[in-house]
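Enquirer: Got a structure here, written out as structure tokens. Questions coming.
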Amino acid sequence: MLLPALSPPARNPSRCPIPRMQLRVPSRIRRQNSVDSPMDKSPSTRDIAVVGAGALGRWIAARMASGGADVSLVTRPGTNTGTTSCSIVGDHTAGEDGSQSLLLQEITSGPATAFCNEKFRWLLLCTKARDLEAAVRETKDLIAVDGCIAVLSNGLGHTETLKTFGIERCVTASVTYGLFAAEDGSVHRCGDGGEVVIGPLDMGSGEPLATEQSEELARRFTECSIATRVVADGTEQVWRKVMLNAGINPVAALLGCKNGDLPAHSAFALCVEAAREVQGVAIAAGVDLAAIDAEQALRDLCRDTATNRCSTLQDLDAGRPTEMEWVCGSVVRIAESDGQEAPANRLLGALVRDMEMTQAAS
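So the mapping is simple: the working numbering equals the position in the sequence shown, first residue as 1, plus 285.
Shown next, in the form of structure tokens:
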């Protein structure tokens, strides 16, 4: 199923034991080498490159490194080559009493140019939606011949973006863990729920779907104590995640509240309406989400990530552009292309955009 082309937005188990360590404030980046300098002159095939050093990227990198994986962290162009301290607060070893713990991993890091002599079996794209196209452009040459890309970014339109770069083997990895980046650089997991749902994406290349790769990545995540399941249709999962994002993120951001506070608020009706709109648009686009109870799905996620401040609220708090153009904005554009309307998504997208502009002007 091919989605309509999206115009670019106007703007920008076996569980592994987790080492318990004394909580300390990590340094964000330990500068060891010069900017953009290659780490290794010898060509080699490596295991995993996590692209994007935000909360999600650092959390994934630390979790996988804790399970013994060979992980590198690809950062923005112009950043320093060296190691990044990835400290994760709130992830617990099975059977612990719930007391706060810290997982600390030092991850080899640097911009894509620092890995120019490396090839990776996996590229895990953990960037913000607005940065995904640039990230693919910078890292596409790092993929091994038999390698695979996993898209963990929010929003719609990423499959089309990947196609423009000739990517033929790709899976989606939809993340519902509540993650929050603190000022000291540590990443906090908020709430007891969350999971990663992995499925192959149809790249329209005639190549077989990356079903085996989906199962492999799910197994590796599970081995690192990341709750994971596999679905047959990655495109359907992308839309499911957008339904949740459209229902929770803009309203929580506008109210300035945590996810767990939403169901008791009068504005929760707007959350449900926005999510149901996404269902309708998806069905019209050939993606069957009819069996989902949108309201219950929103309530479940709010419960599982109750203490989390959603990524849109975190972006507004930090004065960064949000991802709403790739969530609500994309839903509106696809609806219009099918002769539909999505008024709740249009309203919420506009309100968040207005808040961004107000902050930028202040």
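Even glycine gets a Cβ: it sits at the ideal position worked out from N, Cα and C.
Does the Cβ of Met-642 have 16 or more other Cβ atoms within 10 Å, making it buried, or fewer, making it exposed?
Expert: Exposed: under 16 other Cβ atoms inside 10 Å.
Enquirer: Do you know offhand how far Pro-362's Cα is from Phe-400's?
Expert: Approximately 12 Å, taken between the alpha carbons.
Enquirer: Taking only three categories from DSSP, how would you classify Phe-450?
Expert: In this structure, Phe-450 counts as coil in the three-state DSSP scheme.
Enquirer: Under the DSSP definition of a beta bridge, which residues are partnered with Val-482?
Expert: For Val-482, which the question treats as bridged, DSSP gives the partners Ser-459, Arg-514.
Enquirer: Start and end of the beta strand (DSSP E) containing Cys-475?
Expert: Run containing Cys-475: 472 to 475, per the beta strand (DSSP E) assignment.
Enquirer: Among Cys-595, Leu-539, Arg-618, which has the Cα closest to the Cα of Ala-567?
Expert: Nearest C-alpha to Ala-567: Arg-618.
Enquirer: Rounding to the nearest angstrom, what Cα-Cα distance links Gly-463 and Ala-559 in this structure?
Expert: The straight-line gap from Cα to Cα measures roughly 21 Å.
Enquirer: Return helix, strand or coil for Thr-643, following the three-state DSSP convention.
Expert: Helix at Thr-643.
Enquirer: Starting from Leu-583, trace the beta strand (DSSP E) in both directions and tell me its first and last residue.
Expert: Where Leu-583 is concerned, there is no enclosing beta strand (DSSP E), although the alpha helix (DSSP H) it sits in stretches over 579 to 589.
Enquirer: Which value, in whole angstroms, describes the spacing of the CA atoms of Cys-475 and Ser-329?
Expert: So the two alpha carbons sit approximately 37 Å from each other.
Enquirer: Evaluate Ser-551 with the Cβ neighbour count: other Cβ atoms within 10 Å of its Cβ, from every protein chain shown; 16 or more gives buried, anything less gives exposed.
Expert: It counts as exposed.
Enquirer: I'd like to know if the region 490 to 500 and the region 528 to 544 are in contact, where contact means that at least 3 CB-CB pairs between them fall below 8 Å.
Expert: No, the region 490 to 500 is not in contact with the region 528 to 544.
Enquirer: For Pro-311, which residues of its own chain have a beta-carbon under 6 Å away from its beta-carbon, when the five flanking residues on both sides are left out?
Expert: Confidence is the limiting factor: at Pro-311 the pLDDT is only 42, short of 50, which leaves the residue's position unreliable and the question unanswerable from this model.
Enquirer: Skipping 5 residues on each side, what residues in its chain have a beta carbon closer than 7 Å to that of Glu-418?
Expert: Closer than 7 Å at Cβ, skipping near neighbours: Thr-446.
Enquirer: Can you tell me whether Arg-594 is helix, strand or coil according to DSSP?
Expert: Of the three classes helix, strand and coil, the one that applies to Arg-594 here is coil, per DSSP.
Enquirer: Return yes when the Cβ of Thr-507 is within less than 9 Å of the Cβ of Gly-479, no when it is not.
Expert: Contact flag unset, no.
Enquirer: Assuming Cys-433 and Leu-341 form a contact by the criterion Cβ under 8 Å, report the distance between their Cβ atoms to the nearest whole angstrom.
Expert: In fact, because the Cβ distance is near 18 Å, the residues do not count as touching under 8 Å.
Enquirer: On the three-pair Cβ rule with 8 Å, is the region 512 to 532 touching the region 610 to 630?
Expert: The region 512 to 532, when compared against the region 610 to 630, does touch it at the 8 Å Cβ threshold.
Enquirer: Closest to Thr-590 by C-alpha separation, out of Gly-624, Lys-543, Glu-621, would be which residue?
Expert: Nearest C-alpha to Thr-590: Lys-543.
Enquirer: Between the beta-carbon of Val-563 and the beta-carbon of Thr-457, is there less than 9 Å?
Expert: Contact: no.
Enquirer: Once you ignore the five residues that flank Arg-309 on each side, which residues in its own chain have a CB closer than 6 Å to its CB?
Expert: In this prediction, Arg-309 scores a pLDDT of 40, lower than 50, which makes its location untrustworthy; the coordinate-derived value is nonetheless stated afterwards. Taken in chain order, the list of residues that qualify is empty.
Enquirer: List the residues that DSSP assigns as beta-bridge partners of Pro-396.
Expert: Answer by DSSP bridge pairing, in chain order: Thr-360.
Enquirer: Out of Ala-466, Asn-439, Asp-477, Leu-574, state which residue places its alpha-carbon closest to the alpha-carbon of Lys-413.
Expert: Comparing Cα positions, the closest option is Asn-439.
Enquirer: I need the DSSP call for Met-324, collapsed to helix, strand or coil.
Expert: Residue placement at Met-324 is flagged as unreliable, the pLDDT there being 42, under the threshold of 50; the coordinate-derived value follows with that caveat. In this structure, Met-324 counts as coil in the three-state DSSP scheme.
Enquirer: Tell me whether Arg-422 sits in a helix, a strand or coil according to DSSP, three-state version.
Expert: In the structure shown, Arg-422 sits in a helix (DSSP, three-state: H, G or I).
Enquirer: Between the Cα of Arg-343 and those of Glu-391, Leu-555, Thr-520, spot the shortest distance and give me the residue it belongs to.
Expert: Comparing Cα positions, the closest option is Glu-391.
Enquirer: Can you check DSSP and say which residues form a bridge with Phe-405?
Expert: Per DSSP, Arg-331, Ile-428.
Enquirer: With a CB to CB cut of under 7 Å and the five nearest residues on each side skipped, what residues in its chain are close to Val-482?
Expert: These residues qualify, in order along the chain: Ser-459, Arg-514, Val-516, Gln-522.
Enquirer: From the DSSP output, in three-state form, read off Glu-501 for me.
Expert: Looking at Glu-501 - three-state DSSP - the assignment turns out to be helix.
Enquirer: Where does Phe-450 land, buried or exposed, given buried means 16+ other C-beta within 10 angstroms?
Expert: Phe-450 is exposed by the Cβ-count criterion.
Enquirer: For Ile-434, list the residues DSSP reports as bridge partners.
Expert: According to DSSP, which records beta bridges pairwise, Ile-434 is partnered with Leu-408, Cys-455.
Enquirer: What does DSSP give as the partner residue(s) for Glu-391 in the beta ladder?
Expert: Paired residue(s): Ser-370.
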